[in-house]
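**Q**
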Amino acid sequence: MTQRLIRLNRPGLALAAAGFAALALSVAARAAEQQGSSILPGGDSKEPIHIEAAKLDYFDKEQKLIYTGNVVATQGGSTLKSTILILYLTPKSDPDQAGVPSSSSQLRRMEATGPVTMITKDQVSTGDRGVYEKAENKLYLYDNVTVTQGTNVTKGDKMTYDLTTKKAIVTGRVKSMFLPETTAQKDNSAKSAAPKDDAAKPKKPKT
106 MTQRLIRLNR PGLALAAAGF AALALSVAAR AAEQQGSSIL PGGDSKEPIH
156 IEAAKLDYFD KEQKLIYTGN VVATQGGSTL KSTILILYLT PKSDPDQAGV
206 PSSSSQLRRM EATGPVTMIT KDQVSTGDRG VYEKAENKLY LYDNVTVTQG
256 TNVTKGDKMT YDLTTKKAIV TGRVKSMFLP ETTAQKDNSA KSAAPKDDAA
306 KPKKPKT
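In structure tokens:
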């Protein structure tokens, strides 16, 4: 059996693409709401998921949506950026419904390849690849992981974020750098006390 692929990147299909994209996004958003938690660190489970990308391919048989090209996914105040974002939906209960995601479909897995950047209110995390597993309600970030919070930076091979407990664990060869508060305050004070270029120049006497 041939796999059906619906590709939505032609200008002539703009109207159909818009309708399909809206339906696909509503399915993903409803899945996030039904599971009772966010799919991004710091995200709001009551907020829908918004995704922007250059192209969307939908694979009917696999119930898979592939977003490519400057992908930006947001939920509440959290943002995920990647080169490719793949959403895996649960299989359809009705095999006759072909060509569009079923209304009963739910998001079961999400894969982002990168570089991948996750931005929350107070933290920025980067890595080469990210995976969300609904069954575990966990988000994973792999390879060249860097977590930045304020002036503190932690690096490792893998980050596991539990969306239920809101706890993050970095593993691998972990390296951390913590800037003492006094040092950070001195740096900020020095920057604010530094004279501006205009102020540093002596004023010419009036003639």
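According to the working numbering, the sequence shown is numbered sequentially starting from 106.
All residues carry an ideal CB built from backbone N, CA and C; glycine is no exception.
Closest to residue 189 by CA distance: which of 261, 157, 253, 165 is it?
**A** Among 261, 157, 253, 165, the Cα nearest to that of residue 189 is on 157.
**Q** Please classify residue 216: is it buried, with 16 or more other beta-carbons within 10 angstroms of its beta-carbon, or exposed?
**A** It is buried - the Cβ of residue 216 has at least 16 other Cβ atoms within 10 Å.
**Q** In this structure, how does DSSP classify residue 286 when only helix, strand and coil are distinguished?
**A** Residue state, collapsed to three classes: helix.
**Q** If I measure Cβ to Cβ from residue 249 and keep anything under 7 angstroms in the same chain, skipping five residues before and after, which residues do I get?
**A** Excluding positions up to five away in sequence, the list reads 232, 233.
**Q** So residue 212 is in the beta strand (DSSP E); what residue range does that whole segment cover?
**A** Element bounds for residue 212: 212-224.
**Q** Looking at the structure shown, is residue 62 part of a helix, part of a strand, or coil, going by DSSP?
**A** Residue coverage of the chain in this structure runs from 106 to 312, which leaves residue 62 outside it and unanswerable.
**Q** Inspect the beta-carbon positions of residue 212 and residue 186 and report whether they are closer than 8 angstroms.
**A** Against a cut-off of 8 angstroms, the Cβ pair of residue 186 and residue 212 comes out as no contact.
**Q** Kindly indicate which residue of 271, 279, 256 has the alpha-carbon position closest to the one of residue 244.
**A** Taking only the C-alpha atoms, the option nearest residue 244 is 271.
**Q** Counting C-beta neighbours from all protein chains within 10 Å, is the total for residue 182 16 or more, i.e. buried, or is it exposed?
**A** Counting Cβ neighbours within 10 Å, residue 182 comes out exposed, since fewer than 16 surround it.
**Q** Rounding to the nearest angstrom, what Cα-Cα distance links residue 264 and residue 247 in this structure?
**A** Near 7 angstroms, if we compare the C-alpha coordinates of residue 247 and residue 264.
**Q** Is residue 191 helix, strand or coil by DSSP?
**A** It is a strand residue.
**Q** So for residue 268, helix, strand or coil by DSSP?
**A** DSSP places residue 268 in coil when its eight states are reduced to three.
**Q** First and last residue of the beta strand (DSSP E) that includes residue 236?
**A** Note, residue 236: beta strand (DSSP E), 229-238.
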